[in-house]
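For reference, each letter of the sequence shown is one residue, going 1 to 111 in the UniProt record's numbering. Note that the Cβ used here is the ideal one computed from N, Cα and C, for glycine as well. Input: a single structure, listed below in structure tokens.
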Amino acid sequence: MANMCYCRKRAAQQMAWTTTNASRRFLACPDRCCNYFRWIDSPLCPRAQVIIPGLIRRINALEAQQRTGGDIMTGAEEEEVDVVDKRKCCNKTMSLLIFTWICIFFYVVSF
Ligand SMILES: [Zn+2]
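This is the structure in structure tokens:
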């Protein structure tokens, strides 16, 4: 059975874009005649309430940058650079670890 609003119309599915309810679906009066309101999705966990609005802000910033053709580094780009730096650092650590194992191997073999 379809959800009906107080004025006996089929309730319309909509999506909230507030900070605490980003992307959370709800049902409401299709003509906004009555105050019928019912959540479809359960509340977002506190972590999602922080992460989703942050992702939306980044997407908006990227889209704005794309429209203007600007070259301002966004949070997403900074994060990508950060990941590349971490990979380089990880490779150095792995090389040092392998070098250490080789040294230990030759030290043990020499006795
Ligand atoms: Zn209604």
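| Item | Value |
| --- | --- |
| Just the Cα atoms here: how many angstroms apart are Phe98 and Ile104? | One point to set straight first is that residue 98 is Ile, not Phe, in the sequence displayed. Distance between the alpha carbons of Ile98 and Ile104: 10 Å. |
| What do you get for Leu27, buried or exposed, if any count of 16 or more other CB atoms within 10 angstroms of its CB means buried? | buried |
| Select from Val50, Asp31, Ala22, Arg24 the residue whose C-alpha is nearest the C-alpha of Cys7. | Asp31 |
| Between the Cα of Cys5 and the Cα atoms of Phe37, Asn21, Met15, which residue gives the shortest distance? | Phe37 |
| Measure from the alpha carbon of Ala12 to the alpha carbon of each residue in Cys29, Tyr107, Asn21, then state which is nearest. | Cys29 |
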